[in-house]
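Q:
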Amino acid sequence: MSRGLILVTGATGYIGGRLVPCLLEDGWSVRCFVRDAARLENRPWSDDVAVAVGDVLQPETLPEALSGVKVAYYLIHSLGSEGDFEERDRQAAENFARAAEEAGVERIIYLGGINPKSDKRSKHLESRLETGEYLRKGSVPVTEFRAAVIVGSGSLSFELIRYLTERVPLLITPKWVRTRTQPIAVRNVLQYLTSALDEPESTGRILEIGGSEVLSYQDMFRGYARARGLRRAILEVPVLTPWLSSLWVGLVTPLNARIARPLIEGLDNEVVVQDDTAARMFDIELLDYETAVRLALQRFARDKVETTWSDAFSSSADRRLVTRLEEDKGMIQERLQVNVKAPPSAVWAELNRLGGDNGWLYANFLWRIRGLMDLAVGGIGLRSTRRTYSHLREGDAVDFWRVEEARENEVLRLRAEMKVPGKAWLQYEINPVDESTTAVTQTAFFEPKGLFGFLYWWMFYVPHTFIFPGMLKELRRRAEAA
Numbered sequence: 001m002s003r004g005l006i007l008v009t010g011a012t013g014y015i016g017g018r019l020v021p022c023l024l025e026d027g028w029s030v031r032c033f034v035r036d037a038a039r040l041e042n043r044p045w046s047d048d049v050a051v052a053v054g055d056v057l058q059p060e061t062l063p064e065a066l067s068g069v070k071v072a073y074y075l076i077h078s079l080g081s082e083g084d085f086e087e088r089d090r091q092a093a094e095n096f097a098r099a100a101e102e103a104g105v106e107r108i109i110y111l112g113g114i115n116p117k118s119d120k121r122s123k124h125l126e127s128r129l130e131t132g133e134y135l136r137k138g139s140v141p142v143t144e145f146r147a148a149v150i151v152g153s154g155s156l157s158f159e160l161i162r163y164l165t166e167r168v169p170l171l172i173t174p175k176w177v178r179t180r181t182q183p184i185a186v187r188n189v190l191q192y193l194t195s196a197l198d199e200p201e202s203t204g205r206i207l208e209i210g211g212s213e214v215l216s217y218q219d220m221f222r223g224y225a226r227a228r229g230l231r232r233a234i235l236e237v238p239v240l241t242p243w244l245s246s247l248w249v250g251l252v253t254p255l256n257a258r259i260a261r262p263l264i265e266g267l268d269n270e271v272v273v274q275d276d277t278a279a280r281m282f283d284i285e286l287l288d289y290e291t292a293v294r295l296a297l298q299r300f301a302r303d304k305v306e307t308t309w310s311d312a313f314s315s316s317a318d319r320r321l322v323t324r325l326e327e328d329k330g331m332i333q334e335r336l337q338v339n340v341k342a343p344p345s346a347v348w349a350e351l352n353r354l355g356g357d358n359g360w361l362y363a364n365f366l367w368r369i370r371g372l373m374d375l376a377v378g379g380i381g382l383r384s385t386r387r388t389y390s391h392l393r394e395g396d397a398v399d400f401w402r403v404e405e406a407r408e409n410e411v412l413r414l415r416a417e418m419k420v421p422g423k424a425w426l427q428y429e430i431n432p433v434d435e436s437t438t439a440v441t442q443t444a445f446f447e448p449k450g451l452f453g454f455l456y457w458w459m460f461y462v463p464h465t466f467i468f469p470g471m472l473k474e475l476r477r478r479a480e481a482a
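The opening residue of the sequence shown carries number 1 in the numbering used here; numbering runs sequentially from there.
1) For Leu66, which option in Gly154, Asp89, Asn42 and Val30 has the closest C-alpha, if you only look at C-alpha atoms?
2) Would you grab the beta carbon distance between Ile284 and Tyr192 for me? Rounded to a whole angstrom, and I think it's under 8 Å.
3) Please state the DSSP three-state secondary structure of Arg18.
4) Counting only the same chain and skipping the five closest in sequence on each side, list residues whose C-beta sits under 6 Å from that of Asp48.
5) With a threshold of 8 Å between beta-carbons, can Tyr461 be considered close to chain C, or not?
6) Using a Cβ-Cβ cutoff of less than 6 Å, which residues in the same chain neighbour Met418 once the five nearest sequence positions on both sides are dropped?
7) Whether or not the stretch 84-98 and the stretch 136-151 are in contact is what I'm after, with contact meaning three or more pairs of Cβ atoms, one per stretch, closer than 8 Å; do they touch?
8) Throw me the rounded Cβ distance for the Asn364 and Leu392 pair, which I believe falls under 8 Å.
9) Let me know the secondary structure DSSP gives Trp485 once reduced to three states.
10) When you compare only the Cα positions, how much space is there between Leu472 and Val151?
11) For the pair the stretch 196-212 and the stretch 158-172, tell me if three or more CB-CB distances fall below 8 Å.
12) Do the CB positions of Ala346 and Ala148 come within less than 8 Å of each other?
13) Which stretch, first to last residue, makes up the alpha helix (DSSP H) that contains Ile467?
14) By the 10 Å Cβ neighbour count, where 16 or more other Cβ atoms means buried, how is Val237 classified, buried or exposed?
15) So, helix, strand or coil for Gly550, using DSSP?
16) Along the chain, where does the alpha helix (DSSP H) that runs through Val189 open and close?
17) CA-CA distance, Leu125 and Gly266?
18) What's the call for Gly10, buried or exposed, on a 16-neighbour Cβ count within 10 Å?
19) Could you check what DSSP says for Gln337 in three-state terms: helix, strand or coil?
20) Can you list the alpha helix (DSSP H) stretches of 4 or more residues lying completely in the stretch 11-60, in chain order?
21) Going by DSSP, what residue range makes up the alpha helix (DSSP H) through Gly371?
22) Leaving out the 5 sequence neighbours to the left and right, which residues in its chain are closer than 8 Å to Leu235 when beta-carbon positions are compared?
23) Would Asn398 and Arg386 be called neighbours here (beta carbons separated by less than 8 Å)?
24) Would you mind working out which of Leu366, Tyr73 and Glu60 sits nearest Phe466, comparing C-alpha positions?
25) Measure the C-alpha to C-alpha separation of Arg280 and Ile264 and round it to an integer number of angstroms.
26) If we ignore side chains and look at the alpha-carbon of each, how far apart do Ile206 and Tyr74 end up?
27) Return helix, strand or coil for Val433, following the three-state DSSP convention.
28) Roughly how many angstroms separate the alpha carbons of Arg232 and Tyr224, rounded to a whole number?
29) Using 8 Å as the threshold, is the C-beta distance between Gly395 and Arg39 below it?
30) Identify, in the order they occur along the chain, each residue of the same chain with its Cβ nearer than 8 Å to the Cβ of Val71, setting aside the five sequence neighbours on each side.
31) May I ask you to report which of helix, strand or coil DSSP gives Leu7?
Structure follows, in structure tokens:
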């Protein structure tokens, strides 16, 4: 028997996507509030939840989503957004608090950030704190958990530390490397979020949560290096501005500069638990930093990363996940087909390994050059990241692509998120010919915008004439060798 109905906003994000199965396991009924229901497809728990489609910035979509809800989790913020994200966060929180009050919701649980001792806060952290304030302006009691760096496979802060430490033998860092913080394991965060449902004393409280130790970012880099058996040197320099730091991070990690900058601006703030009420209120065994790192690395090694920071973000100005492909006049297409002496499942398995450290089948150095070109014009570049090494699902970010459609053994379609004058897709269709042969069709689609769009396509036409055939031939070779 269900214990009641819980609404989870931000269910496609890093924390929300991990919270949902925890709630289901504890006996709650769950409704996920998302902008696009397709982004929940292929989640292991997607058949066990109800889905409400809407947007907190569209208040008319909230009453139906909140109907019958006992407790609502508010896990929304605009780190990856452009423009006036603070105003959007304020408006979103106001809309949600008002709608929750009208729907008779008993409690809102919000995950924000620790208030630093300094009055000089980053815009991102200031917005997280303001969101809590605006949620509390309604009559529905709010439990606000405030955390610092969350350590777990796929978390934004952890990915920053992981990729910098893995890829750069000499870490050149600004003065914020000495800033103290209190990192907390993602499993401890989830324990706090779920335990609050059974702890009435947490209602209407602001609760700071952190791990078992206070560390500097320098300590965290070194702790990660120890966990990985790496030797890394750190050189502190006084002239690295947040802008320069974010560009550097964009070059060597999967984070593009736009997402990295507000995160880096906040690293100058000391975020340490000042009130240990949460640690005393809840019986939770807090993990130390290096244990949290090892657990995260184990999930990477087992290819069991449920969610990543990039699940929540679309890195282009168009925030829609799915743009249905239309073969219409003006759509440029490059189509190639090959017969593979292997079953559809073998082809599908190889397609699921595209991107990240696995590369793009052929001419990987040219893909890296294309990524640098994209970075140079303010795009995301080849961010070299994947949720897992061997499985793709709709909504996954794969380098500068987004998985738009993934039908097992049938179709894989990727939509480009790089800066292009138009819209671009790369699609693979798998069709069995007989018991031992599979036809694979590879199609590059481009919908140019204006004259420059056509010029752009023809500029890359010559490289396409050997890159695309090379990819298809290598796909055939790997599938037949499997």
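Glycine residues also receive a C-beta, built at the ideal position from the N, C-alpha and C atoms.
A: The structure says:
1) The residue labelled residue 66 in the question sits at position 66 within the sequence shown. Answer by Cα proximity: Val30.
2) If you number the sequence shown from 1, residue 284 lands on position 284. If you number the sequence shown from 1, residue 192 lands on position 192. Confirmed, about 7 Å.
3) Residue numbering aside, residue 18 sits at position 18 when the sequence shown is read from its first letter. Arg18: helix per DSSP, three-state reduction.
4) Stepping through the sequence shown from its first residue, residue 48 is reached at position 48. Closer than 6 Å at Cβ, skipping near neighbours: Leu24.
5) Protein chain content of the structure displayed is limited to a single chain, and chain C is not contained in it.
6) Your numbering for residue 418 matches position 418 in the sequence shown. Only Asp374, Gly379 and Phe400 meet the Cβ criterion.
7) yes
8) Sequence index remark: in the sequence shown, residue 364 carries index 364 (1-based). Sequence index remark: in the sequence shown, residue 392 carries index 392 (1-based). Their Cβ separation, rounded to whole angstroms, is 18 Å, which puts Asn364 and Leu392 out of contact at 8 Å.
9) The question about residue 485 has no answer, for the chain in this structure spans 1 to 482.
10) In the sequence shown, the residue the question calls residue 472 occupies position 472. In the sequence shown, the residue the question calls residue 151 occupies position 151. Rounded to the nearest angstrom, the two C-alpha atoms are 39 Å apart.
11) no
12) Translated into positions along the sequence shown, residue 346 becomes position 346. Translated into positions along the sequence shown, residue 148 becomes position 148. No, the pair does not count as a contact, with Cβ atoms beyond the cut-off.
13) The count along the sequence shown starts at 1 and reaches residue 467 at position 467. Start and end: Tyr461 to Ala481.
14) Position 237 of the sequence shown, counted from the start, is the residue given in the question as residue 237. Flag for Val237 reads exposed.
15) With the chain covering only 1 through 482, there is no way to say anything about residue 550.
16) Along the sequence shown, read from residue 1 onward, the residue named residue 189 stands at position 189. Residues Val186 to Ser195.
17) The residue labelled residue 125 in the question sits at position 125 within the sequence shown. The residue labelled residue 266 in the question sits at position 266 within the sequence shown. So the two alpha carbons sit approximately 7 Å from each other.
18) The residue given as residue 10 occupies position 10 in the sequence shown. That one is buried.
19) By one-based count along the sequence shown, residue 337 stands at place 337. In this structure, Gln337 counts as strand in the three-state DSSP scheme.
20) 14-25
21) Along the sequence shown, one-based indexing puts residue 371 at 371. Start and end: Asn364 to Ala376.
22) Counted from its first residue, the sequence shown places residue 235 at position 235. Around Leu235: Leu170, Leu171, Ile172 and Thr173.
23) In the sequence shown, the residue the question calls residue 398 occupies position 398. In the sequence shown, the residue the question calls residue 386 occupies position 386. Reading off the sequence shown, one finds Val at residue 398, where the question assumed Asn. Yes, Cβ-Cβ distance for Val398 and Arg386 is below 8 Å.
24) Locating residue 466 in the sequence shown gives position 466, where the first residue counts as 1. When each option's Cα is compared against that of Phe466, the closest is Leu366.
25) Here residue 280 is taken as the residue at index 280 of the sequence shown, counted from 1. Here residue 264 is taken as the residue at index 264 of the sequence shown, counted from 1. Cα to Cα, the separation comes out at about 31 Å.
26) Locating residue 206 in the sequence shown gives position 206, where the first residue counts as 1. Locating residue 74 in the sequence shown gives position 74, where the first residue counts as 1. Looking at the two C-alpha atoms, the distance is approximately 14 Å.
27) On the sequence shown, residue 433 is found 433 positions in, with the first residue counted as 1. It is a strand residue.
28) Sequence index remark: in the sequence shown, residue 232 carries index 232 (1-based). Sequence index remark: in the sequence shown, residue 224 carries index 224 (1-based). Their backbone Cα atoms lie some 10 Å apart in a straight line.
29) Along the sequence shown, read from residue 1 onward, the residue named residue 395 stands at position 395. Along the sequence shown, read from residue 1 onward, the residue named residue 39 stands at position 39. It is a contact, given that the beta carbons lie within the stated cut-off.
30) Here residue 71 refers to the residue found at position 71 when the sequence shown is read from its first residue. Correct list, in chain order: Gly4, Ile6, Leu7, Val105, Glu106, Arg107, Ile108, Ile109 and Leu197.
31) Position 7 of the sequence shown, counted from the start, is the residue given in the question as residue 7. Note: Leu7 maps to strand in three-state DSSP.
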